[in-house]
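There are 2 protein chains.
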Amino acid sequence: MSGNRNADDDNPSAASSRRHADNMPYVHKVGVPPKQNLLKEFKFTFKETFFHDDPLRPFKDQSISRKLLLGIQAVFPILEWGRRYKLSLFKGDLIAGLTIASLCIPQDIGYARLANLDPQFGLYSSFIPPLIYAIMGSSRDIAIGPVAVVSLLLGSMLQDEIDPKNKLEYQRLAFTATFFAGVTQFALGFFRLGFLIDFLSHAAIVGFMAGAAITISLQQLKGLLGIKTFTKKTDLVSVMRSVWTNVHHGWNWETIVIGVSFLAFLLLAKYIGKKKKKLFWIAAIAPLISVIISTFFVYITHAEKKGVQIVNHIEKGINPSSLHEIHFTGSYAATGFRIGVVAGMIGLTEAVAIGRTFAAMKDYHLDGNKEMVALGTMNVIGSMTSCYVATGSFSRSAVNYMAGCNTAVSNIVMSCVVFLTLEVITPLFKYTPNAILASIIISAVVGLFDYEAMILIFKIDKFDFVACMGAFFGVVFASVEIGLLIAVAISFAKILLQVTRPRTAVLGKIPRTTVYRNIHQYPEATKVPGVLIVRVDSAIYFSNSNYIRERILRLLADEEEGLKENNLPRIQYLVVEMSPVTDIDTSGIHALEDLYKGLQKRDIQLVLANPGQAVLDKLHASDFANTIGEDKIFLTVGDAVMTLAPKMEP
Amino acid sequence: MSGNRNADDDNPSAASSRRHADNMPYVHKVGVPPKQNLLKEFKFTFKETFFHDDPLRPFKDQSISRKLLLGIQAVFPILEWGRRYKLSLFKGDLIAGLTIASLCIPQDIGYARLANLDPQFGLYSSFIPPLIYAIMGSSRDIAIGPVAVVSLLLGSMLQDEIDPKNKLEYQRLAFTATFFAGVTQFALGFFRLGFLIDFLSHAAIVGFMAGAAITISLQQLKGLLGIKTFTKKTDLVSVMRSVWTNVHHGWNWETIVIGVSFLAFLLLAKYIGKKKKKLFWIAAIAPLISVIISTFFVYITHAEKKGVQIVNHIEKGINPSSLHEIHFTGSYAATGFRIGVVAGMIGLTEAVAIGRTFAAMKDYHLDGNKEMVALGTMNVIGSMTSCYVATGSFSRSAVNYMAGCNTAVSNIVMSCVVFLTLEVITPLFKYTPNAILASIIISAVVGLFDYEAMILIFKIDKFDFVACMGAFFGVVFASVEIGLLIAVAISFAKILLQVTRPRTAVLGKIPRTTVYRNIHQYPEATKVPGVLIVRVDSAIYFSNSNYIRERILRLLADEEEGLKENNLPRIQYLVVEMSPVTDIDTSGIHALEDLYKGLQKRDIQLVLANPGQAVLDKLHASDFANTIGEDKIFLTVGDAVMTLAPKMEP
């Protein structure tokens, strides 16, 4: 028993201890953890899965009234930061709010078109949702409103169900989808399932966003070239065919001149803003300036009579109620639910990524699940007030941050500006050419094509790059949904591959140490004669237990072949380094038992080094620890070799 | 640079070296692996995923004619072992073959009823498929034929599509499903995707089989109690209701007497066979004896006129062709495909598990993918010769093994006996009471309810036990398919949970060593003042990168709180032990970067210990190794603490 060895070390007379220490270096016994408590273990797993960020910590040891106050503050963070709000903060929020408002108004009108909705719905979605978020959200930098990718996704999924020309029914389904998107977001946050969005990997998102940027830009060719009959499909091939078949009769040269020249202006502004961070405001107000100039230009030249398509009409006034338009039952409710879940998840992914990025930059804590509850509530209320799915916008949030926002008050300022726009100046947009909106959208989504991130992904991880490209080409050549599906599928395949085919390594002794490492990583490491040391690089689960057993036996066969050729002594001990083996299940135990039996027949001893707590628990529960003998389990590979080497037959 | 440190150690004058060694123990540099080759890495991953067992090894360095011969032998192993076959082996094979034949004939008739097919189809499936397997398979102990679970699964899935009373159409769909089951099995083996069946965990199979045993036994109540109108559903509630509503008029007491008394005899025989391994043949021939006695008894008493249901008619003669009956196109082809995939996978799972078990017991190698090709071919040919899905039977394989089979010749012997049965003695089965078949099936599936395995699973792994019970209750209370679905879902959830919420541990120094281990597993381990050492127990992937970053920061916050309360020095170094971190992806690198930035703000240094080859590659590719500094990456935690401790501020 290993316990005896330890007792020998601790309690002998000083003399024998020294002698003992000279002959045989100290070997520490393997820690046998206390018997696990089922309930406690379950509680721990449950907590780590759903409450790993310990959201109830501030509530501990507080009076009931204080708990109530903290609870209300947790749901409405504005009550907490609002009390500490100072006028000095307002300056930054005001400037940021005005800046993002100038950016969002033209974008909203364009994004609504992307979702096949009338322009006012874009503005509606920048009025109510930011107000709700300001009350319930905890990010200080996010800018709320419609975004390009969600608009595209919603538009393409909705038009598969209902022809957008059937305006009323189309709108109803849009609100229904928005409602269920909000419910999905709320439910994920409320039931603390927010981690589900982590299953869309960074690489997949980069690819998906880049593909969406291409697809959205392609869609803008309709407005930019003044084409009247355009394909409904979003894939590259259909769109390019649609563009070329219209080349002789469908293109409108006046539109192209306006569109392309303003696109050049916008991209130049964006470039300047990127080069000189201080001049970011040029990029921020360029869209509004373009709208004003081009609208004025069309108004005085009456270019709309020469075929330049214009916005024509935006409904005046703030959001009407749309509660009665939502399908709560029937087949459209099911369709709306399906679309809503997808749009809601993508919306969440975008908003949470933005929230996390800026929280990390300003070093404040953001509770992902609480954010989801806020976003969900915002979209549920939005769906009842004629809004479609709103979320955090990458580009506007960056502008918000750079313009010096301090709190969510900048969203309130933006909302107020949108309110004034809806109430007062919508008629002025009548002559705004569609080409300008197309230019603004293209210049907005250019940033989503993050080729630098792609290059980095290629450098770091080839499998990630495959996921990235899969999502990208899926979106560009098939459809947004298929791209998304590919991205998720590849991400899952990666996880499954990891647990199905884990790495293994043969270890050797690093010279002048008692440390054993992979002989491929450390070519200077030397093998110990008569001992094969194998490291298994994964938890041993049903999905890989057979593979691991076969892999170890194959490594053994290879080694024995090599030894035979060189007439070296045979392997007597197989040491399995278990440090990376974080867990084992019943299939894993069976695999070890089979391995043990197979080795017994060849007169090779199985030795385990450094099993962790969870593994050791199970080795004992299954009695496998007794089968191989407790004296075959060591704290380190070094200890194992040191103890076993003297016992080997010559 | 770590390289410099090493150079210092290697090349100084002897005197300075000794002095140096006294002041500062030896620190080995971290191995920077050679630049990875993309193609090589891809080839390696591909090989490990699909060809991990190196099936082409024997072909290396052989002449072309030899390669051809080896190739043919690989497809038809009989050519290899057949040449070495000796008469001395035949004795064992003959006895084993006769024993399993006596067992399989009554079972086949019963299992065919379970699949809602006429009895002869069960016998057909024990004639052709074993012959094909004997030629192509490489297991020496497996006994091929229809099995209970697949019959039940097939029967319940087929009758959801077509009423079994519509015999011809029902048969056609059964052959179609069998054809596609064979194609599935062949394809999985041929494309070396055999590892997919490993995703059904051992625990899930135990639960599934136990549930199937209960369900099959419940179905036998119809025959055992002589009930005429019986529910088509398989769940416990429906069956029990069906049994009780028939209690007054539907039960036939003569049938019950025959059925229950023979069931008692069979179970007793089974018990004896289990207690005394030498008497296993009693259990093996008991079914045939029961059939003979009961048939004779019914014949002389004319019990069939008192309501005892009998087999009545079995078609005489061997398998007719059924090629023209298979649906290759149309909607039934799609339905057959769906059913075939499920039945084929379950058949594979059973056959491969049996093959592996006996291969391990007799210590010979079995190529899972080659087995699948053999099983697939067998079922494809079977589907064209009026057979339904055949696979390896647990109970008959065990009998085969115990009766002393040596090669697949025992399957050929069995096949010959079945041939004679079909040609000569089927009319004799006319008076066999259905109750006997029910008793035989019940006594055959009793062994599938492996309560000892369940107890062991409960002891070893609670999550596995949940999967086991989920599958069990799913099969018993819902249906076979739902039980299967639950089992697969829970198995996947387990994998995902592992990669989403990996364990972390705070490490301390084991006294009298330089080894650092989990302070919960080793309470004697002591923390190092000013240093927090955290071990991450998983690859860092997109699915857990955020969690890991937050978890590390939370451990840091907890530690700092504790230090503050006790007025101890602040944390200056955060050491992340990376031994179990087998891989990292782009999201993981980003999480480390965020962690690094967050720690920088608090004036804490991030230190990495023992990153593996794959991780180190990516740390360099992403330039993160330079960001934190190569001198912050160590071979072991011990080295890190030893190097950093002297540098700490007081």
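From first to last, the protein sequence lines are chains A and B.
494 is the number that full-length UniProt numbering gives to position 494 of the first sequence; each next residue is one higher, with no gaps.
548 is the number that full-length UniProt numbering gives to position 548 of the second sequence; each next residue is one higher, with no gaps.
Built from N, CA and C at the ideal position, the CB exists for glycine as well.
inquiry  = If we define contact as Cβ-Cβ less than 7 Å, is B/Tyr26 a contact residue for chain A?
reply    = Counted from its first residue, the second sequence places residue 26 of chain B at position 26. Cβ-Cβ to chain A under 7 Å: yes for B/Tyr26.
ask   = Which full runs of the beta strand (DSSP E) of 3+ residues lie inside the stretch 499-540 of chain B, going along the chain?
value = DSSP runs (the beta strand (DSSP E)) wholly in the stretch 499-540 of chain B: 504-509, 516-518, 531-536.
task = Give a yes or no on whether the minimum CB-CB distance between A/His620 and chain B is below 7 Å.
result = By 1-based counting over the first sequence, the position of residue 620 of chain A is 620. The Cβ of A/His620 sits no closer than 7 Å to any Cβ of chain B.
message = Using the three-state DSSP reduction, which class does B/Ala21 fall into: helix, strand or coil?
response = By one-based count along the second sequence, residue 21 of chain B stands at place 21. Bear in mind that a pLDDT of 42 at B/Ala21, under 50, signals an unreliable position, so the number given afterwards is only what the model happens to contain. Helix, per DSSP.
request  = Would you mind sorting B/Ile455 into buried or exposed? The rule is 16 or more other CB atoms within 10 Å of its CB.
outcome  = Within the second sequence, numbered from 1, the residue matching residue 455 of chain B stands at position 455. Exposed, since its Cβ has fewer than 16 Cβ neighbours within 10 Å.
inquiry  = To the nearest angstrom, how far is the alpha carbon of A/Met345 from that of B/Ile314?
reply    = Within the first sequence, numbered from 1, the residue matching residue 345 of chain A stands at position 345. Within the second sequence, numbered from 1, the residue matching residue 314 of chain B stands at position 314. Note on geometry: alpha-carbon atoms of A/Met345 and B/Ile314 lie some 59 Å from one another.
key: When A/Val488, A/Tyr388, A/Thr99 are compared against A/Phe208, the one with the closest alpha-carbon   = Numbered from its first residue, the first sequence carries residue 208 of chain A at position 208. With distances taken between Cα atoms, A/Phe208 lies closest to A/Val488.
inquiry  = Within a Cβ cutoff of 6 Å, which residues of the same chain sit near B/Ser439, ignoring the five residues on either side of it in sequence?
reply    = Position 439 of the second sequence holds residue 439 of chain B. Cβ neighbours of B/Ser439 beyond the five flanking positions: Gly259, Phe262, Leu263, Leu266.
C-beta contact flag for A/Ile457 and A/Ala283 at 7 Å = Sequence index remark: in the first sequence, residue 457 of chain A carries index 457 (1-based). Sequence index remark: in the first sequence, residue 283 of chain A carries index 283 (1-based). Result no, Cβ atoms of A/Ile457 and A/Ala283 do not sit closer than 7 Å.
inquiry  = Beta carbons nearer than 8 Å to chain A: which residues of the stretch 336-364 of chain B have them?
reply    = Residues are counted here when their Cβ sits less than 8 Å from a Cβ of chain A; for the stretch 336-364 of chain B these are Arg356, Ala360, Asp363, given in chain order.
message = Taking contact to mean 3 or more Cβ pairs, one atom from each stretch, closer than 8 Å, check whether the stretch 357-370 of chain A and the stretch 45-55 of chain A are in contact.
response = With a cut-off of 8 Å, the stretch 45-55 of chain A and the stretch 357-370 of chain A count as touching, because enough Cβ pairs lie within range.
task = Mind checking who B/Gly392 pairs with in its DSSP beta bridge?
result = One-based indexing of the second sequence puts residue 392 of chain B at position 392. Answer is B/Ile144.
key: Any C-beta of chain A under 7 Å from that of B/Ala489   = Numbered from its first residue, the second sequence carries residue 489 of chain B at position 489. Proximity of B/Ala489 to chain A, defined by a Cβ-Cβ separation below 7 Å, is not satisfied.
ask   = Does DSSP put A/Glu315 in a helix, in a strand, or in coil?
value = Counting from one through the first sequence, the residue named residue 315 of chain A turns up at place 315. In the structure shown, A/Glu315 sits in coil (DSSP, three-state: anything other than H, G, I, E or B).
task = Compare the C-beta of A/Ile78 against all C-beta atoms of chain B and say whether one is closer than 7 Å.
result = In the first sequence, residue 78 of chain A corresponds to position 78, counting from 1. Chain B contact via Cβ: absent.
task = Report, in whole angstroms, the separation of the C-beta atoms of B/Gly211 and B/Gly474, which I expect to be a contact under 8 Å.
result = As a working mapping, residue 211 of chain B is identified with position 211 in the second sequence. As a working mapping, residue 474 of chain B is identified with position 474 in the second sequence. At roughly 7 Å, the Cβ-Cβ gap stays under 8 Å, so B/Gly211 and B/Gly474 are in contact.
query = Taking Cβ-Cβ distances shorter than 8 Å, what residues in chain A pair up with B/Lys597?
reply = On the second sequence, residue 597 of chain B is found 597 positions in, with the first residue counted as 1. Within chain A, Ala360 have C-beta atoms less than 8 Å from the C-beta of B/Lys597, given in sequence order.
Proximity below 7 Å, CB of B/Ile95 to CB of B/Ala398 = The residue labelled residue 95 of chain B in the question sits at position 95 within the second sequence. The residue labelled residue 398 of chain B in the question sits at position 398 within the second sequence. At a Cβ-Cβ threshold of 7 Å, B/Ile95 and B/Ala398 do not count as neighbours.
key: Residues from the stretch 458-469 of chain B in contact with chain A, defined by Cβ distance under 8 Å   = Of all residues in the stretch 458-469 of chain B, Lys459, Ile460, Asp461, Lys462, Phe463, Asp464 have a Cβ within less than 8 Å of some Cβ in chain A.
ask   = B/Tyr85 lies in the beta strand (DSSP E); which residues open and close that run?
value = For the purposes of this step, residue 85 of chain B is identified with residue 85 of the second sequence, where counting begins at 1. Annotation for B/Tyr85: no beta strand (DSSP E) segment contains it, and DSSP assigns it neither H nor E.
message = Let me make sure I understand the geometry here. Which of B/Ala112, B/Gln309, B/Ser139 has the alpha-carbon closest to that of B/Ser156?
response = The count along the second sequence starts at 1 and reaches residue 156 of chain B at position 156. Looking at the Cα atoms, B/Ala112 is the closest of the given residues.
ask   = In the stretch 178-212 of chain B, which residues sit with their C-beta less than 7 Å from some C-beta in chain A, listed in chain order?
value = If the cut-off is 7 Å between Cβ atoms, the stretch 178-212 of chain B has Phe195, Asp198, Phe199, Ser201, His202, Ala203 near chain A.
message = Just to confirm the assignment, what range does the beta strand (DSSP E) spanning B/Leu574 have?
response = Along the second sequence, read from residue 1 onward, the residue named residue 574 of chain B stands at position 574. 573-577 is the span of the beta strand (DSSP E), which, as asked, contains B/Leu574.
query = Near A/Ala21, what residues of its chain come up, given a Cβ to Cβ distance below 8 Å and the 5 sequence neighbours on each side ignored?
reply = Within the first sequence, residue 21 of chain A is the residue found at index 21, counting from 1. Here A/Ala21 scores only 42 on pLDDT, less than 50, and its place in the model is too uncertain to base an answer on.
request  = Could you list which residues in chain A have their beta carbon closer than 7 Å to that of B/Lys601, in chain order?
outcome  = Translated into the one-based positions of the second sequence, residue 601 of chain B becomes position 601. Chain A residues near B/Lys601: Asp363.
inquiry  = List, from N- to C-terminal side, the alpha helix (DSSP H) runs of 4 residues or more that fit wholly inside the stretch 212-238 of chain A.
reply    = Entirely contained in the stretch 212-238 of chain A, not one alpha helix (DSSP H) run reaches 4 residues.
message = If you follow the alpha helix (DSSP H) that B/Leu555 is in, where does it begin and where does it stop?
response = The sequence position of residue 555 of chain B within the second sequence is 555, counting from 1. Residues 545-565.
ask   = Grouping DSSP H, G and I as helix and E and B as strand, with all else coil, what is B/Gln309?
value = Locating residue 309 of chain B in the second sequence gives position 309, counting from the first residue. Looking at B/Gln309 - three-state DSSP - the assignment turns out to be coil, as it is neither helix nor strand.
Under 9 Å (Cβ pairs) to chain B, residues found in the stretch 504-524 of chain A = Result list: Ala505, Ile510, Pro511, Arg512, Thr513, Thr514, Val515, Arg517, Asn518, His520, Gln521, Tyr522, Pro523, Glu524.
query = Which residue from B/Arg84, B/Gly189, B/Arg396 puts its Cα closest to that of B/Val147?
reply = By one-based count along the second sequence, residue 147 of chain B stands at place 147. Nearest C-alpha to B/Val147: B/Arg396.
task = List the whole-angstrom C-beta distance separating B/Leu555 from B/Thr504, where the pair is believed to meet the contact cut-off of C-beta under 8 Å.
result = In the second sequence, the residue the question calls residue 555 of chain B occupies position 555. In the second sequence, the residue the question calls residue 504 of chain B occupies position 504. Between B/Thr504 and B/Leu555 the Cβ distance is about 7 Å, and since that is below 8 Å, they are a contact.
inquiry  = With three or more C-beta pairs closer than 8 Å as the rule, is the stretch 432-447 of chain B touching the stretch 413-423 of chain B?
reply    = Taking a cut-off of 8 Å for Cβ pairs, the stretch 413-423 of chain B and the stretch 432-447 of chain B do not touch, as fewer than three such pairs fall below it.
A/Val637 at chain B interface by Cβ criterion, 7 Å = The count along the first sequence starts at 1 and reaches residue 637 of chain A at position 637. Not one chain B Cβ lies under 7 Å of A/Val637.
Own chain residues within Cβ distance below 8 Å of B/Val581, not counting five before or after = The residue you call residue 581 of chain B lines up with position 581 of the second sequence. Val536, Ser538, Ala539, Ile540, Pro611, Gly612, Val615, listed in sequence order.
message = Please classify A/Tyr431 as buried or exposed, where buried requires at least 16 neighbouring CB atoms within 10 angstroms.
response = Counting from 1 along the first sequence, the entry for residue 431 of chain A is found at position 431. Burial call: buried.
request  = Just the chain A side, please: which residues come within less than 7 Å of B/Arg551 by C-beta, in chain order?
outcome  = Locating residue 551 of chain B in the second sequence gives position 551, counting from the first residue. Result: His52.
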